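Report on the structure given below.
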Amino acid sequence: MINNRYKESGSWLDRAKKVLASGVSSEFRKYNHPHALFYTHGKGVYLWDVDDNEYLDFTLSQGPLILGHSNQEVLDAVNDYSARGQLFAGQHQQEIELAEWMHRVIPSAELMRFCLDGSEAVQTAIRVARAKTGKVKFIRFEGHYHGWLDNVAWGISAPSPDALGERGHPAVYPWSKGLPPHAQDEFLTLPWNDLELVKATLKDRHQEVAAIITEPMMCNSGCIPPKPGFLQGLRSLCDQYGIALIFDEVITGFRLGLSGAQGLFQVTPDMAIFAKALGSGYPISAIVGKQVWMEEIASGRVIHAGTMNSCNPTVAAALATVRILERDNPYPKMFALGEKLRAGLRQLAEEMGINLLVQGLGPVIHTGFIDRDNVSEFREVLQYDGAKLKLFVSGLHDAGIRVIGRGLWYISSAHEPEHIDEALAKSREVLLRLTQG
Ligand code: PLP
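Spelled out as structure tokens, the structure:
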């Protein structure tokens, strides 16, 4: 059925499908409402599509746009620096300035390397951990996303909690066809936020484990902060057994604070991955780590390469972004706006007697429908009412409020209190319709 509101996008999608597999360049872009959409431009907190629909944007393009769309200082920095050349197959000044900045601000960033995206930086960290420890497996957690590559495309979706197998027994659930079965031998999957389970697993199997990789706050399935002591517990276990603790800060980096989740929670990992917000929408990521781990790369024992790494536009974008974040310190505002949005949504849910659960921390907000007052791990996330969420998110979208399909909202430095008021007013209308069936 043709939806007139998205008619032009529909035509573009028909055309795109003839040349792009399913009309998109990334799987997640398929799941827009009512189908993949085509956009013309974005400015600040607003985004426009080819049908001239305007959206108040809380997706920040899946997270990168921490300063909002088309930040002029970032665009100018990219243009100025790129005018000298795009890529030298060699080093350049701003790359070092960016690395020095990260070294100063991020606790674990003693040495680093730049890459293009989160997925490859994750793989680099795993390779380093294996090289230094001489062990192969890594522990990862259910519902955490570490990119789409073979050894991490597991355990991030499941039709039901039962499909994840028994709690405490590492279970795997493939996200894609085409994954080599032997990739399962590379990792153990555990429920998150359960330190006792990690302890018990390591007691038996620490000789096999090179690394523990975790999102320091689980943002890819719900938005679940670590239980008090959980990250500290992982830190101690890794120290005890000579295992690398890797924080995947692809989402939390530059969002929970300048120094990421590691600064906020005061736990320093051995290595960490930064991407998304680092580049304000330009493709750059970083694997950072303590000297003793990164020495594997520095010595040449571990190979890390990439033709396009730290090309001029991406580094200029990143350097401008982090300097703006440090100069303007938007975090108190972003945290306050996050709290305002969470409180407002909770109040609406209470007024209407609807089972909307609102979780999150700072500028990350998750909304889902479930009869509980708290969700603390992926097995519980799978019990959310997906059909109701879809109606909520698509209702918001039709009303001009864009949030990530899994109920995730991000706040940028460009958001102001009136934008939260607007989002709450639209949420009220949509929730009211939901309660009226
Ligand atoms: N790690 C986390 C926590 C992510 O959220 C993502 C992407 O959403 C990735 C890794 C993969 O990053 P990229 O999409 O840049 O490859």
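Numbering (numbering that gives the first Met the number 0), first residue to last: 0 to 436. Using N, Cα and C, we set each Cβ at its ideal position, and we do this for glycine too. Bear in mind that the values here come from a model prediction, so they are computed numbers and not experimental data.
Contact between the stretch 85 to 92 and the stretch 33 to 48 is absent: fewer than 3 CB-CB pairs across the two stretches fall below 8 Å. Note on Asn150: 16 or more other CB atoms within 10 angstroms of its CB, so buried under the neighbour-count rule. Of the heavy atoms belonging to the ligand PLP, none sits nearer than 8 Å to the Cβ of Ser69. The beta carbon of Gly262 sits closer than 7 Å to those of Pro106, Gly256, all from its chain and outside the five residues before and after it, given in chain order.
The beta carbon of Asp149 sits no closer than 8 Å to any heavy atom of the ligand PLP. By the C-beta density criterion, Ile65 is buried, having at least 16 other C-beta atoms within 10 angstroms. DSSP places Ile419 in the uninterrupted alpha helix (DSSP H) bounded by 416 to 434.
Going by DSSP, Gly164 is part of no beta strand (DSSP E) at all; its letter is neither H nor E.
Three or more Cβ pairs closer than 8 Å define a contact, and the stretch 370 to 385 falls short of that threshold against the stretch 21 to 34. Under the criterion of beta carbons closer than 8 Å, Asp247 and Glu214 qualify as touching, at roughly 5 Å. Following the DSSP letters along the chain, one finds Glu53 in no alpha helix (DSSP H) but inside the beta strand (DSSP E) bounded by residues 53 to 56.
Sequence-distant partners of Lys226 (beyond 5 residues in either direction) whose C-beta falls short of 6 Å from its own C-beta, in its chain, are Asn192. Going by DSSP, Gln122 is part of the alpha helix (DSSP H) stretching over 117 to 132.
His205 is the residue among His205, Ala335, Leu55 whose C-alpha sits nearest the C-alpha of Phe186. With a cut-off of 8 Å, the C-beta of Cys218 is classified as near the ligand PLP, since at least one heavy atom of the ligand falls inside that distance. Runs of the beta strand (DSSP E) lying entirely within the stretch 49 to 115, each at least 3 residues long, are 53 to 56, 110 to 114 in chain order. Inter-segment contact for the stretch 273 to 285 and the stretch 105 to 124 is present: three or more beta-carbon pairs are separated by less than 8 Å. Boundaries around Met270 are those of the beta strand (DSSP E), 270 to 273, since no alpha helix (DSSP H) includes it. Secondary structure within the stretch 150 to 209: the alpha helix (DSSP H) runs of 4 or more consecutive residues, fully enclosed, are 194 to 204 (chain order). With respect to Ala315, Val104 sits apart: the two C-beta atoms are not nearer than 9 Å. Distances from the CA of Ser159 to each of Ala424, Ala413, Gln382, Ile95 were compared; the closest alpha carbon is that of Gln382. A residue is called buried when at least 16 other Cβ atoms come within 10 angstroms of its Cβ; Ile95 does not meet this threshold and is exposed. The three-state reading of DSSP puts Ile410 in coil, since its state is none of H, G, I, E or B. For Leu233, the closest alpha carbon among the candidates Val266, Ala82, Val291 is that of Val266.
Counting C-beta pairs with one atom in each stretch, the stretch 165 to 183 and the stretch 328 to 348 have fewer than three that are closer than 8 Å, which means they do not touch. Judged by beta-carbon spacing, Ser60 lies beyond the 9 Å limit of Gly142, meaning their Cβ atoms are not closer than that value.
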